[in-house]
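Asks: Residue numbers (the UniProt record's numbering): 1 to 698. What follows is a structure written as structure tokens; I'll ask about it next.
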């Protein structure tokens, strides 16, 4: 390792974003790290971010996006497998076995994929050599790779080439793929990587660089969350990983979930060195963390320059990333069963509203070069809906993305629309309250439906998936879905119907026996990594259940195709590129008449309804049992025939029922089709509802 303790030369650091990172997204992690290093060390370091993913994309063309954007290719590890021979030249060439196990159906599409992929794989080694020279990576003192999803093998391949050319270069990896124990396997099995950073890296990486600058190389092995071959035995074992040192928690270094108990049980002996062969004291599995109020300025100029050089004509503009909170305020109360967030970093912490506004305002300067700001927050801070979003003056050419919970009120959704938070990921996941309870979402199907209605009303797109194959679910869930999905075709559909995935760190993984699961790494890991079974299990992030006789699995096999087809039909009734062709269900005035327009079936019909019918429908604007709604209606219309009105509304599919409660599916007016003028002012739902409500008094 090079030390600058006795030289004035700047320490050269190259931070690398390898394939198959998304082309339209910069690396927030590398951008934050560069900002921290420049602030901490100034002229002592020279830090450059190299977007090799964009270089590779330009060289290989459209197939890059096909690999990067496909859920199927994610679950077959195709992007990683392509770099297997470059990363581990001595590994078996397993082309036939890989395609047999990961793409078992011999369809024309699979044959075409294989025919296109194999020549590309043969070119990758030369492309890496070319990029090594182009970016002069071998001349750096320290090279850091960020890795999430399908970036591991490309990073290992480039690291091997750097070490072959310049063995003295320090090579490190960080990101979600390096969380312990995955990072420990990488360091142990891949000699081209010197260190892996597990968990937050802004503080640990800066401390690591400081040690190198000060000539304290040995201290690099004694940093929490920094894994090397010399300190593998020093980390708190898996069975004790929740026993965090109390002093570190109090200092703000770690943010475990509030559900993590017994913080006082780590003794002095547990903190002591684990043996003479280990250079480090007892180490925690995740790195210490900088506080959120540390001012990390995000400079995306270099990314945008590279993106625009490589962007095809007429392609969409870039999406830039921002962070305003960490952890999950719901998850620290109730960890959703399928969520792969580590308990050690699940504890919730949010920026002050003033600082969050400042973060966004700084990024608005990119409005002519980027179309979206995507918050990487697991969930939007509740307080932001009232004290941050109303202060944003988002440019008309830009929109914002946030993840949220589905219990948003109409006022919350209106605030989002006004701030141009026009895409959200609300965690809908299911269309039955019993299923939502199984996965511990803390929401109801009524909340989900009301949110989808509000999103239509305010021109917000909710991104969500319908999860199937949920452990402990029964066949009744599928029967119910088959009956109710056609009722929702006027609401934003899920992106897809997907079998629930079992991710590392999720309750399904940590409590597999409790759920009757026999989890094994997904098939592709053995085809990518030339490691033994125990190492593969520690390396894997995605798992599959091998308990094929489990009742939930049998039900999934019987119903999956039908539900997936129903969702596909739903999506067909909600075309993204032809808003005029969407299914609709809304109330409108036609002269002196009130009508309900319904085109959910593909054929538009209009029901002329009486004021009494509209009054009954309005009583179910929020979920209510029949008795309560009837009492409300009869205060204004004592002679109303509730049985007749309910029969009409139910038979026409205008009400949704679960248990004893009903909810109106009808929108109180025709929603905007996302023209800019409607988005800027928001949809006038309040005024339209007010106008329509007057009908019941006529």
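Every residue gets a Cβ at the ideal spot worked out from N, C-alpha and C, and that includes glycine.
Under 8 Å, Cβ to Cβ, is there at least one residue of chain B near residue 511?
Replies: This model lacks chain B altogether, as it is built from one protein chain only.
Asks: Could you pull the DSSP bridge partners for residue 427 from this structure?
Replies: Answer is none; residue 427 lacks a bridge partner.
Asks: Quick one: grab the DSSP three-state call for residue 339.
Replies: Here residue 339 sits in coil by DSSP.
Asks: Which of the three DSSP states is assigned to residue 586 in this structure?
Replies: The answer is strand: DSSP assigns residue 586 an E or B state.
Asks: If you draw a straight line from the C-alpha of residue 574 to the C-alpha of residue 567, how long is it?
Replies: Distance between the alpha carbons of residue 574 and residue 567 is about 11 Å.
Asks: Just to confirm my understanding: we take residue 114, look at its own chain, exclude 5 residues before and 5 after, and list those with CB closer than 7 Å. What are they?
Replies: The residues are 99.
Asks: To test your reading of the DSSP string, which unbroken alpha helix (DSSP H) runs of 4 or more residues are found completely within the stretch 550-630?
Replies: Runs of the alpha helix (DSSP H) inside the stretch 550-630: 551-572 and 611-618.
Asks: Taking residue 86 as part of the alpha helix (DSSP H), name the residues at either end of that continuous run.
Replies: First-last of the alpha helix (DSSP H) with residue 86: 84-87.
Asks: Strictly by DSSP, which residues pair up with residue 173?
Replies: DSSP output for residue 173 lists 145 and 196 as bridge partner(s).
Asks: Taking all protein chains shown into account, do 16 or more other C-beta atoms lie within 10 angstroms of the C-beta of residue 554, making it buried, or fewer, making it exposed?
Replies: Exposed: under 16 other Cβ atoms inside 10 Å.
Asks: Measure the alpha-carbon distance for residue 9 versus residue 213 and round it to whole angstroms.
Replies: The straight-line gap from Cα to Cα measures roughly 11 Å.
Asks: Can you tell me which of 486, 335 and 559 puts its alpha carbon nearest to the alpha carbon of residue 511?
Replies: Measuring from the Cα of residue 511, the nearest candidate turns out to be 335.
Asks: Candidates 379, 383 and 419: which alpha carbon is nearest residue 405's?
Replies: That would be 379, whose Cα lies nearest to the Cα of residue 405.
Asks: Name the residue from 59, 155, 102 and 231 whose alpha carbon lies nearest to the alpha carbon of residue 192.
Replies: Checking every option, the nearest Cα to that of residue 192 belongs to 155.
Asks: Taking DSSP as the reference, what is the three-state secondary structure of residue 400?
Replies: Strand.
Asks: Report the three-state DSSP secondary structure of residue 662 (helix, strand or coil).
Replies: Reduced to three states, the DSSP call for residue 662 is strand.
Asks: Between residue 389 and residue 421, which are expected to be in contact by the criterion C-beta below 8 Å, what is the C-beta distance as a whole number of angstroms?
Replies: The Cβ separation is near 7 Å, so the contact holds.
Asks: Given a cut-off of 8 Å, decide if residue 347 and residue 506 are closer than it, judged by their beta-carbon atoms.
Replies: Their beta carbons are not under 8 Å apart, which means residue 506 does not touch residue 347 by this criterion.
Asks: Our contact map puts residue 362 next to residue 467 with C-beta atoms below 8 Å; I'd like the distance itself, whole angstroms only.
Replies: The Cβ separation is near 37 Å, so there is no contact.
Asks: In this structure, what does DSSP give as the bridge partners for residue 373?
Replies: Residue 373 pairs with 320 and 400.
Asks: Please return the same chain residues whose Cβ sits closer than 7 Å to the Cβ of residue 520, not counting the five positions on each side in sequence.
Replies: Counting only Cβ-Cβ distances below 7 Å, and skipping sequence neighbours, we find 543, 544 and 546.
Asks: If you follow the beta strand (DSSP E) that residue 108 is in, where does it begin and where does it stop?
Replies: Looking at the DSSP string, residue 108 is not in any beta strand (DSSP E); the run it does join, the alpha helix (DSSP H), is 108-134.
Asks: Going by the beta-carbon positions, is the gap between residue 338 and residue 503 smaller than 8 Å?
Replies: Contact: yes.
Asks: When DSSP builds the beta bridges, which residues end up paired with residue 670?
Replies: Answer by DSSP bridge pairing: none, since residue 670 is not bridged.
Asks: How many angstroms separate the CA atom of residue 657 from the CA atom of residue 26?
Replies: Their Cα atoms are separated by approximately 45 Å.
Asks: Just how far apart, CA to CA, sit residue 101 and residue 523?
Replies: Straight-line Cα distance between these residues: approximately 7 Å.
Asks: Residue 74 and residue 16 look like a contact to me (Cβ under 8 Å); what is the Cβ gap, rounded to whole Å?
Replies: No, residue 74 and residue 16 are not in contact; Cβ-Cβ is about 21 Å, not under 8 Å.
Asks: In chain order, what residues of the same chain lie with their CB nearer than 6 Å to the CB of residue 135, ignoring the 5 residues before and after it?
Replies: Excluding positions up to five away in sequence, the list reads 50.
Asks: Give every residue of the same chain whose Cβ lies closer than 7 Å to the Cβ of residue 157, excluding the five residues on either side of it in the sequence, and list them in chain order.
Replies: Cβ neighbours of residue 157 beyond the five flanking positions: 83, 86, 87 and 128.
Asks: Could you give the distance in angstroms between the alpha-carbon of residue 211 and the alpha-carbon of residue 105?
Replies: Their Cα atoms are separated by approximately 53 Å.
Asks: Please report the distance separating the alpha-carbon of residue 475 from that of residue 556.
Replies: Rounded to the nearest angstrom, the two C-alpha atoms are 8 Å apart.
Asks: When you compare only the Cα positions, how much space is there between residue 344 and residue 286?
Replies: Each residue's alpha carbon lies about 7 Å from the other.
Asks: My assumption, with CB atoms under 8 Å, is that residue 202 sits in contact with residue 11. Please give the rounded CB distance.
Replies: Between residue 11 and residue 202 the Cβ distance is about 18 Å, and since that is not below 8 Å, they are no contact.
Asks: I'd like to know whether the C-beta atoms of residue 132 and residue 138 end up nearer to each other than 8 Å.
Replies: A contact, by the Cβ cut-off of 8 Å.
Asks: Tell me the DSSP secondary structure of residue 651 in three-state form.
Replies: Helix.
Asks: Measure how close the beta-carbons of residue 612 and residue 645 come, nearest whole angstrom, since I'm counting them as under 8 Å.
Replies: About 6 Å; that satisfies the 8 Å criterion.
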